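A short write-up of the structure that comes next.
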Amino acid sequence: MISFEPTPEQDALRQRIERFVMEQIVPYEKDPRNTSHGPTEELRIELNALARDAGLFAPHVPQKWGGLGLDHVSMAIAFEACGLSPLGPIAMHCAAPDEGNMNLLDKVATEAQKQRWLKPFAAGEFRSCFSMTEPWGAGADPSELRTKARYDGEDLLVSGVKWLITGAQGAGFTIIFCDVQAEGDKPGGPTMLISDMDADGITLTRQLDTLDSSFTGGHWEVTFDNLRIPAENVLGEVGQGFRYVQVRLAPARLTHCMRWLGGAMRAQGIALDYARKREAFGKPIGRHGEIGAMLAENEMELQQSRLMIWWACALLDKGEQGRHESSMVKTAVSEALFRVADRCVQILGGMGVTGDTVVEQIFRETRAFRIYDGPSEVHKWAISRRIMKG
Ligand SMILES: Cc1cc2nc3c(=O)[nH]c(=O)nc-3n(C[C@H](O)[C@H](O)[C@H](O)COP(=O)(O)OP(=O)(O)OC[C@H]3O[C@@H](n4cnc5c(N)ncnc54)[C@H](O)[C@@H]3O)c2cc1C
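Residue numbers (the working numbering): 12 to 401.
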């Protein structure tokens, strides 16, 4: 059976989140602690407290770890509402990269690792980061890994440079994707490791100035120099890193789509309001054909995006991996939302490129979104390879 109707519970949750974000979170968008490198740690903690009080903290997290334990379709509805402000996901502790890392730890970590990292992390005691991309190494093609780990007894020593690492500053721990060098009967290959960020051997070498500005802690270049990882901090098994990348990536691609759909909805609302009120050549600009067409195109692409997200989420809720589908959704939705944001900037005229509305930020964020979690070209290439194979 196909249903496009949210349940009364899903709809009630959506309304609660929308009210929470629009009434309590949006006013913080102009807070000086919401910087060009994202909200500060102090602001994140303050916003988290508001979400906790509203009973809306960590909606994706299993109830066992203190969250609302939503399924994927319910998450799609909740995250869209939460994304109405770029600060919404920060407040509700479901922003990237934390949300994806919580999911990965929940699925792959040992019980001891969950107690040590997932439990306090899900409760918002600290943030995390995910260290995969490298300058001139792992990127669109993650198999180009240059960060290596060698055995030292049972421990591993990690050395290499990562960059574009979101939220590295102020994070409590990182998940590192690196290449373990096999030694004797000890296995090797692409592996995920967990490390506290204050460990000896981790240096934040450079903060990057980027187009986007919504992620707490900004984006960093991080150097690992003989970082010691005890055997118990290997995430899953040595050599199985690519399997876990897939566990993390398919749902994480969709949650990005959900949040930025909310952002694009907000931009469309602002553009629509302007198109109704602003007059040029004797009538509201929304009554001029070109602007009306842009608003209509936005309306169609927003609804197409929503339906694609719901479709892929329904597959995940049925227990499917959704790798192919999430690739299609990520590409189609990120491209569509960028077009929506671009049209909203145009409709607002000069105001569109100023910081007077959040549309300018949403435009910048949706531009970056076309690159992270797989650039559009890479997804299209992967989709085409799969369909060519049949
Ligand atoms: C805002 C932001 C936040 C990020 N956060 C993180 C993070 O927290 N942790 C992390 O590890 N990484 C993060 N990244 C990095 C991101 O995952 C990479 O930028 C992305 O995987 C692309 O890798 P690259 O930048 O090295 O591009 P490259 O690998 O250099 O690719 C450049 C371009 O080549 C083209 N290309 C590559 N392969 C193909 C192909 N098969 N067919 C056609 N064209 C192709 C694409 O157009 C691509 O954009 C972030 C990036 C951004 C922009």
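Positions of the beta carbon are idealized from the N, C-alpha and C atoms, including for glycine. Every value quoted in this text rests on a predicted model; they were computed, and no experiment measured them.
Residue burial classification, residue i (beta-carbon count within 10 angstroms, cutoff 16)
{"i": "I213", "result": "buried"}
{"i": "V11", "result": "This structure cannot speak to residue 11, because the chain is shown only from 12 to 401."}
{"i": "G49", "result": "buried"}
{"i": "W147", "result": "exposed"}
{"i": "D384", "result": "buried"}
{"i": "F15", "result": "exposed"}
{"i": "T18", "result": "exposed"}
{"i": "S47", "result": "exposed"}
{"i": "G366", "result": "exposed"}
{"i": "E91", "result": "buried"}
Straight-line Cα distance separating residue j from residue i
{"i": "I56", "j": "L246", "result": "28 Å"}
{"i": "K125", "j": "G360", "result": "50 Å"}
{"i": "A291", "j": "E388", "result": "40 Å"}
{"i": "Q257", "j": "T144", "result": "15 Å"}
{"i": "R264", "j": "E194", "result": "35 Å"}
{"i": "W174", "j": "W231", "result": "6 Å"}
{"i": "G181", "j": "L58", "result": "16 Å"}
{"i": "E312", "j": "V344", "result": "8 Å"}
{"i": "D207", "j": "R217", "result": "19 Å"}
{"i": "A160", "j": "V191", "result": "5 Å"}
{"i": "V37", "j": "L167", "result": "45 Å"}
{"i": "L54", "j": "C324", "result": "31 Å"}
{"i": "E20", "j": "I186", "result": "35 Å"}
{"i": "R334", "j": "H299", "result": "42 Å"}
{"i": "A107", "j": "K294", "result": "43 Å"}
{"i": "D196", "j": "G171", "result": "24 Å"}
{"i": "T158", "j": "S96", "result": "36 Å"}
{"i": "S1", "j": "I296", "result": "Look at the range of the chain in this structure, 12 to 401, and you will see that residue 1 is not part of it."}
{"i": "G78", "j": "E34", "result": "22 Å"}
{"i": "G330", "j": "Q74", "result": "19 Å"}
Supposed contact pair residue j and residue i - C-beta distance, whole angstroms, cut 8 Å
{"i": "W321", "j": "G94", "result": "About 15 Å; that fails the 8 Å criterion."}
{"i": "I205", "j": "N244", "result": "5 Å"}
{"i": "V84", "j": "D328", "result": "6 Å"}
{"i": "F188", "j": "P153", "result": "7 Å"}
{"i": "S338", "j": "I394", "result": "6 Å"}
{"i": "E110", "j": "T266", "result": "6 Å"}
{"i": "V351", "j": "Q279", "result": "6 Å"}
{"i": "L3", "j": "V233", "result": "Nothing about residue 3 can be read from this structure; the chain reaches only from 12 to 401."}
{"i": "G178", "j": "G228", "result": "4 Å"}
{"i": "I373", "j": "R277", "result": "7 Å"}
Within 8 Å, do at least three Cβ pairs link the stretch 292-311 to the stretch 248-259? As far as the Cβ criterion goes, the stretch 248-259 does not touch the stretch 292-311, which means the pair count is below three.
Does the stretch 90-106 come close enough to the stretch 55-71 that 3 or more CB-CB pairs lie under 8 Å? Yes, since at least three Cβ pairs between the stretch 55-71 and the stretch 90-106 fall closer than 8 Å, the two stretches touch.
Under 8 Å, with one C-beta from each stretch per pair, do the stretch 33-43 and the stretch 112-122 reach the 3-pair mark? Touching, no, given that fewer than three Cβ pairs across the two stretches are closer than 8 Å.
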